[in-house]
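Working notes, beginning with the structure itself.
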Amino acid sequence: MNDSDIILLIVFPTIAIIILIMAIVLGLIKSSRDKVKHLAELAQIEIAFQKELREADIEVGEFLRNQFARELHDNIGHTLTYMRLHIENGKLDNPESEVVFQPIESLLDDASNQVRMLSRSMNSDYLTQVGFTYAVKMECDRLQKASGIEITIQEGEVELIGQQKDRELMAFRIFQEIITNNIKHANATKLDVILNLNSTILGVVDNGKGFDLQATLSSNKASGIKNIIKRAQLAGFSCLVHSAPNQGCSYKLNIN
Amino acid sequence: MQLFTRIFSYEFSVIATLLFGTGLYRRMNNQEKLIFFYVATILVFDIWGMSLAIEGKNNWFVYNILIGIEVLMLTVYLNQILKNKSHIQYLNISCFLFFIYSMVHVYFFGTSNLMLPLSMIGGSFLSLFFLLYLIYGQTENKWINSPDNWISLGSIFYLCGTIPFQALFHYLIDEKQDLALMLFQTINMGLSHFRFLLIIIGFFMILKRKRSKPELASVSV
């Protein structure tokens, strides 16, 4: 074999292999892109499905809350009112026993107030009627009376959500979830609530024991905080949660 | 092209890749640092090989060691990138078998002072298979933004392009030594230039990559 034959014998297969490899690489890139695209589509479908599930879950939750609020108002509320009437009648029949009835009366008033406030905080129709800001203030008032936590409210001038009733309701439910978390886990004595300030619809800062946020989120527990995040996503709010052990916890719900 | 110019341009490519990589070293993740050290290893072995050649000594054992290191480094590189555990096991077993095969090869030839084309071809096929698998398995949306893809592509072209020459290497050395040298310099060095260029592009993609933010104890959605 002469030199040119050898060169051809090496150069041609080299070029052929390079072209073949190029074709294989391009084919692999294309199929890998198709795979990524397909996975992205599947992820989108999954997200949409999860969103629908969450919406349905929230709707069912609202329905049950409304039912419960109605039961509280209609049954327990009325029972308490009848008890009050009976006491009034008892007082009229036995004026000398007024001293005995007075503390019971006062306790009944308290119970009626608590039931009414609880029923209102559960009733979505009432909440959409009074608006987010008023509902939060009412809830703070109820919480302060029930748990003794010191609550300060800082309020901006403009209602940020405005007339978007669904989002107002969602923001209020998030607030309730935050408060529930706080009472159950944080052992806080002080709560700062920010309402409608700059772009923040709602800010809650507590002086509780705090927690390791990353560890909590990656655990199977923490359904409360996950619920807060999911609800915020669903309502289209941006939600910032910050916490560390012994450093309290803060939640910020911003309007996008 | 003169031999000196070819060698000089080749070493220039290696040094340019190293210098570019040095500037980005802090931003590199572990597998990219491994590629950086791999290029540095090539430079060290080239200098060693050339110094032996200048003294008129046989330097093939240097390149036989280099192919072993190359396969080992690519195995470690792929170990860091591949996600499937069984694939990593296949890779490690294949790498182990490659070394056993190379040792048997050296034993039968009786010396490592010969080029071992079968070992090199075996190593090339092994690396090629896993690099192609890596390209297929990547999940990044923008293919060109991934440094790993460019680095892998450079290795793929270099490894597959040198296979025909390696297959005929012993025949050429025995029959046409000058032609063997000329083809070696043209094919091997040409593909090396291309490989280093793609590695530089890979390193450049590290520049485009955003710095990862330090982990905060907060979550934002």
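The listed protein sequences correspond, in order, to chains A and B. Sequential numbering of the first sequence, starting at 1, is according to my numbering. Sequential numbering of the second sequence, starting at 1001, is according to my numbering. C-beta atoms are modelled at their ideal positions from N, C-alpha and C, and glycine is treated no differently.
Kindly identify the DSSP beta-bridge partner or partners of H86 of chain A. Sequence index remark: in the first sequence, residue 86 of chain A carries index 86 (1-based). H86 of chain A pairs with nothing; no bridge assigned.
So what's A1217 of chain B in DSSP terms, helix, strand or just coil? Taking the second sequence and counting its residues from 1, one reaches residue 1217 of chain B at position 217. Residue placement at A1217 of chain B is flagged as unreliable, the pLDDT there being 49, under the threshold of 50; a coordinate-derived value is accordingly withheld.
Rounded to the nearest angstrom, what separates F1012 of chain B and I1151 of chain B at their Cα positions? By 1-based counting over the second sequence, the position of residue 1012 of chain B is 12. By 1-based counting over the second sequence, the position of residue 1151 of chain B is 151. Rounded to whole angstroms, F1012 of chain B to I1151 of chain B spans 18 Å at the Cα level.
State the Cα-Cα distance for the pair A244 of chain A and I228 of chain A, rounded to the nearest angstrom. Counted from its first residue, the first sequence places residue 244 of chain A at position 244. Counted from its first residue, the first sequence places residue 228 of chain A at position 228. Between A244 of chain A and I228 of chain A, the C-alpha separation is close to 18 Å.
Using the C-alpha atoms, what's the distance from Y1025 of chain B back to K1019 of chain B? Working through the second sequence from its first residue, we reach residue 1019 of chain B at position 19. Working through the second sequence from its first residue, we reach residue 1025 of chain B at position 25. Before going further, note that residue 1019 of chain B is Leu rather than Lys in the sequence given. L1019 of chain B and Y1025 of chain B: Cα-Cα distance of roughly 10 Å.
Contacting residues, own chain, Cβ-Cβ under 6 Å from V205 of chain A (five flanking each side not counted): Taking the first residue of the first sequence as 1, we reach residue 205 of chain A at position 205. D192 and S250, listed in sequence order.
Is there a Cβ from chain B that is less than 9 Å from the Cβ of P103 of chain A? One-based indexing of the first sequence puts residue 103 of chain A at position 103. No, no contact with chain B.
Ordered along the chain, which non-local residues of its own chain (more than five positions away) have a Cβ less than 6 Å from that of L1082 of chain B? Translated into the one-based positions of the second sequence, residue 1082 of chain B becomes position 82. Within the same chain, L1082 of chain B has close Cβ partners I1088.
Counting only Cβ-Cβ distances shorter than 7 Å, please list the residues of the region 11-29 of chain A near chain B, keeping chain order. Those would be P13, T14, I17, I18, I21, I24, V25, L28 and I29, in chain order.
Which whole-angstrom value is the C-beta distance of Y1158 of chain B and L1132 of chain B, which I expect to be below 8 Å? Walking along the second sequence from the start, residue 1158 of chain B turns up at place 158. Walking along the second sequence from the start, residue 1132 of chain B turns up at place 132. So it is not a contact: roughly 14 Å between Cβ atoms.
With a threshold of 9 Å between beta-carbons, can I255 of chain A be considered close to chain B, or not? Locating residue 255 of chain A in the first sequence gives position 255, where the first residue counts as 1. Output row for I255 of chain A: interface = no.
In the structure shown, what three-state DSSP assignment does I255 of chain A receive? Walking along the first sequence from the start, residue 255 of chain A turns up at place 255. Under the three-state reduction of DSSP, I255 of chain A is assigned to strand.
Nearest-angstrom beta carbon gap, F1125 of chain B and I10 of chain A [assumed within contact, 8 Å]: Mapped onto the first sequence, residue 10 of chain A falls at position 10. Mapped onto the second sequence, residue 1125 of chain B falls at position 125. About 18 Å; that fails the 8 Å criterion.
State yes or no: is the C-beta of F175 of chain A within less than 9 Å of the C-beta of V115 of chain A? Along the first sequence, read from residue 1 onward, the residue named residue 175 of chain A stands at position 175. Along the first sequence, read from residue 1 onward, the residue named residue 115 of chain A stands at position 115. No. Outside cutoff.
Whose Cβ in chain B lies nearer than 9 Å to the Cβ of S31 of chain A? Stepping through the first sequence from its first residue, residue 31 of chain A is reached at position 31. The answer, in chain order, is Y1136.
Anything in the region 1173-1198 of chain B with a Cβ closer than 7 Å to a Cβ of chain A? List those residues in chain order, please. K1176, L1179, L1183 and I1187
Who are the near neighbours of R1006 of chain B in its chain, counting only those whose CB is closer than 7 Å to its CB and skipping five residues on each side? Here the question's residue 1006 of chain B lines up with position 6 in the second sequence. Only Q1185 and M1189 meet the Cβ criterion.
Decide if the region 145-160 of chain A is in contact with the region 211-227 of chain A; the criterion is three or more beta carbon pairs, one per stretch, under 8 Å apart. As far as the Cβ criterion goes, the region 145-160 of chain A does not touch the region 211-227 of chain A, which means the pair count is below three.
DSSP-derived helix/strand/coil call for D109 of chain A: The residue labelled residue 109 of chain A in the question sits at position 109 within the first sequence. If DSSP states are grouped into helix, strand and coil, D109 of chain A belongs with the helices.
For L1207 of chain B, count the other beta carbons within 10 Å of its own beta carbon; 16 or more makes it buried, fewer makes it exposed. Which is it? By one-based count along the second sequence, residue 1207 of chain B stands at place 207. So L1207 of chain B ends up on the exposed side.
Just the chain B side, please: which residues come within less than 8 Å of D192 of chain A by C-beta, in chain order? Here residue 192 of chain A refers to the residue found at position 192 when the first sequence is read from its first residue. Under the 8 Å cutoff, chain B gives no residues; its nearest Cβ is about 17 Å from D192 of chain A.
With H, G and I counted as helix, E and B as strand and the rest as coil, what does DSSP make of E1175 of chain B? Position 175 of the second sequence, counted from the first residue, corresponds to residue 1175 of chain B. Helix at E1175 of chain B.
Could you tell me whether the Cβ of E1011 of chain B comes closer than 9 Å to any Cβ of chain A? By one-based count along the second sequence, residue 1011 of chain B stands at place 11. It does not: the Cβ of E1011 of chain B has no partner Cβ on chain A nearer than 9 Å.
Measuring only the C-alpha atoms, how far is T14 of chain A from I1163 of chain B? Taking the first sequence and counting its residues from 1, one reaches residue 14 of chain A at position 14. Taking the second sequence and counting its residues from 1, one reaches residue 1163 of chain B at position 163. One C-alpha to the other measures close to 7 Å.
Are the C-beta of W1060 of chain B and some C-beta of chain A separated by less than 9 Å? Locating residue 1060 of chain B in the second sequence gives position 60, counting from the first residue. No, no contact with chain A.
Return the chain-ordered list of same chain residues with a C-beta closer than 6 Å to the C-beta of A1217 of chain B, the five sequence neighbours on each side being excluded. Start at 1 with the first residue of the second sequence, and residue 1217 of chain B comes out as number 217. Since pLDDT at A1217 of chain B reaches only 49, below the 50 mark, its modelled position is unreliable, and the value read off the structure follows with that caveat. So no residue of the chain qualifies.
Chain A within 9 Å of P1147 of chain B, Cβ atoms only: On the second sequence, residue 1147 of chain B is found 147 positions in, with the first residue counted as 1. P1147 of chain B does not count as touching chain A.
Do the region 79-99 of chain A and the region 36-52 of chain A make contact, defined as three or more Cβ pairs closer than 8 Å? no
Is the region 1028-1037 of chain B close to the region 1070-1078 of chain B, with three or more CB pairs under 8 Å? yes
I'd like to know whether the C-beta of L9 of chain A is nearer than 9 Å to at least one C-beta of chain B. The sequence position of residue 9 of chain A within the first sequence is 9, counting from 1. True, the Cβ-Cβ gap to chain B drops below 9 Å.
So, G1021 of chain B versus I1201 of chain B, is the Cβ gap smaller than 9 Å? On the second sequence, position 21 is the one that residue 1021 of chain B refers to. On the second sequence, position 201 is the one that residue 1201 of chain B refers to. No, they are not a contact pair.
Using 8 Å for Cβ pairs, my map puts V1014 of chain B next to D1046 of chain B. What's the rounded Cβ distance? In the second sequence, the residue the question calls residue 1014 of chain B occupies position 14. In the second sequence, the residue the question calls residue 1046 of chain B occupies position 46. Indeed they touch by this definition, with Cβ atoms about 7 Å apart.
From A:N181, A:T189 and A:E177, residue whose alpha carbon lies closest to that of I149 of chain A: Here residue 149 of chain A corresponds to residue number 149 of the first sequence, with the count starting at 1. Considering only alpha carbons, the answer is A:T189.
From this set, B:L1128, B:L1066 and B:Y1063, which residue's C-alpha is nearest S1094 of chain B's C-alpha? Position 94 of the second sequence, counted from the start, is the residue given in the question as residue 1094 of chain B. When each option's Cα is compared against that of S1094 of chain B, the closest is B:L1128.
Output needed for L1197 of chain B: all residues of its chain with C-beta closer than 6 Å, excluding positions within five of it in sequence on either side, in chain order. Here residue 1197 of chain B is taken as the residue at index 197 of the second sequence, counted from 1. So no residue of the chain qualifies.
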